[in-house]
Amino acid sequence: MSTILLSIIAFCSTCAGGIVALRQREQLRQVMAFAAGALVGLAAFQWLPRLFSVLTLLPNERFAAFVALASGFFTFHLLERLALHWQAEQCEASTVTVGRPLLGIISVLLFSLHRLLEGATISLGFIVNPATGLLLAGAIILHNLVEGLNAVVLLLANRSSRRQAFAWLLFFACTPLLGALATIWISLPTALLPRYLGFFSGFLLYLGASHLLPASQRPNEPWSLLWTLTGAGAALLMTVLLQPI
1 MSTILLSIIA FCSTCAGGIV ALRQREQLRQ VMAFAAGALV GLAAFQWLPR LFSVLTLLPN
61 ERFAAFVALA SGFFTFHLLE RLALHWQAEQ CEASTVTVGR PLLGIISVLL FSLHRLLEGA
121 TISLGFIVNP ATGLLLAGAI ILHNLVEGLN AVVLLLANRS SRRQAFAWLL FFACTPLLGA
181 LATIWISLPT ALLPRYLGFF SGFLLYLGAS HLLPASQRPN EPWSLLWTLT GAGAALLMTV
241 LLQPI
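Numbering-wise (the UniProt record's numbering), the sequence shown opens with residue 1 and increments by one.
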C-alpha cells in the first residue's frame, strides 16, 4: 500500500515539473538550457558514479557496460539523424516547415523505460527495508520534478503541440506506478544492471550535450549559459542532498 501511495506522489511530482515547462513555453529556450544542464549533471553526478560503483561488484561486466554507454549515445544520435533525414524529405515535398515530434516521443519512451525501473526500485526497497524504501522514494520523487520538466521540454523542442506534450506527460508520470506493480511478476537480472546504467548514461549525455544544449544557445542570449550551469548545479545539489542514500 505504501509503495502505491508513494508512486502516486511521484506521479504528481512529475506532472508538477511538466506543467512548469508547459506554462513557461514563451521562455522555452531558457528552460531548454536548464534541462540540458540538468541532464548532463544527472549523468555525471548520479548515473556514472552509480555505474562505477556497480562495476566494482561486477568487474567482468566492465567492457559490456561501456559498450552499452556508447550504444546509448550513438543510438539516439542515429535516431536523430533519421528524423532529420525524414524531415528534409518532407520539406522538399512541401513548402510548409515540418516539425519532428517523433524524436521527442522516442526520447520520452526511452525515459519511460527508466522510470518503470524507478517504480520497481521503490517497491523492492520496501521489500528489503521500509526505511530504505522511504529514502529511495524521497530521492525519486525529488528528481521526478526535473524529469517531468525534461520530458515536456524534449517534446516542445521537437515541435509537439501543448496538447500532445500534456498527454505524453500523463503517460510518462504513470510509468513508476506501473513499474512498482510489475515487480510482482518481473525482476531485472543483476548482471544486466551495469549495461542498463551504461546505456542510459550515454542516452542522457547525448540528450543534454548534443541535442538540447546546442538548440538552447544563441549568441544574443548570454543568459542561456547561466541557465545551463543552474541546471547542472541543481543536479549536483540533489546528488549531495541524497548522498546518504
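For every residue, glycine included, the Cβ atom is placed at its ideal position computed from N, Cα and C. The model shown is predicted, which means the values in this text are computed figures rather than measured ones.
Integer Cβ distance of residue i from residue j, believed to fall under 8 angstroms
i	j	result
ALA182	LEU116	7 angstroms
LEU55	ALA68	Between ALA68 and LEU55 the Cβ distance is about 12 angstroms, and since that is not below 8 angstroms, they are no contact.
LEU79	SER201	At roughly 17 angstroms, the Cβ-Cβ gap does not stay under 8 angstroms, so LEU79 and SER201 are not in contact.
LEU204	ALA43	4 angstroms
ILE105	TRP168	7 angstroms
LEU22	ALA165	6 angstroms
GLY72	PHE199	4 angstroms
LEU207	PHE45	With 8 angstroms as the limit, LEU207 and PHE45 do not qualify as a contact, their Cβ atoms being about 16 angstroms apart.
Spatial neighbours of residue i in its chain, beta-carbon cut-off 6 angstroms, leaving aside the 5 residues before and after
i	result
THR228	ALA33, ALA36 and GLY37
ALA209	VAL40
LEU193	VAL54
PHE172	VAL108, SER112 and ALA151
GLN30	TRP227
GLN217	SER224
SER7	GLY119, PRO176, LEU177 and ALA180
Limits of the alpha helix (DSSP H) - the one that residue i falls within
i	result
GLN167	In the sequence on display, residue 167 carries Ala and not Gln. Segment 162-182, the alpha helix (DSSP H) holding ALA167.
PRO194	193-205
residue 246	The structure shown does not extend to residue 246, since the chain spans only 1 to 245, so no value can be given for it.
Cβ shell of residue i (< 7 angstroms), same chain only, five flanking positions each side left out
i	result
ASN150	ALA35, ALA38 and LEU39
THR230	PHE34 and GLY37
LEU236	GLY41 and PHE45
Which of helix, strand or coil DSSP assigns to residue i
i	result
residue 247	Within the shown structure, residues of the chain are numbered from 1 to 245, placing residue 247 beyond reach of any answer.
ARG23	helix
TRP227	helix
PRO189	coil
ARG159	coil
Cut-off 8 angstroms between Cβ atoms - residues of its own chain near residue i, not counting five sequence neighbours on either side
i	result
ALA191	LEU58 and GLU61
VAL128	Any reading at VAL128 must be qualified, since the residue scores a pLDDT of 47, below 50, and its modelled position is unreliable; the value itself is stated next. Result list for VAL128: empty, nothing under 8 angstroms.
SER94	Residue placement at SER94 is flagged as unreliable, the pLDDT there being 47, under the threshold of 50; the coordinate-derived value follows with that caveat. If we look at SER94 and ignore the five residues flanking it on each side, it has no Cβ neighbours.
ALA16	LEU145 and GLY148
Distance cut-off 6 angstroms: residue i Cβ against heavy atoms of the ligand FAD
i	result
ALA35	The ligand FAD is not among the ligands present in this structure, which contains no ligands whatsoever.
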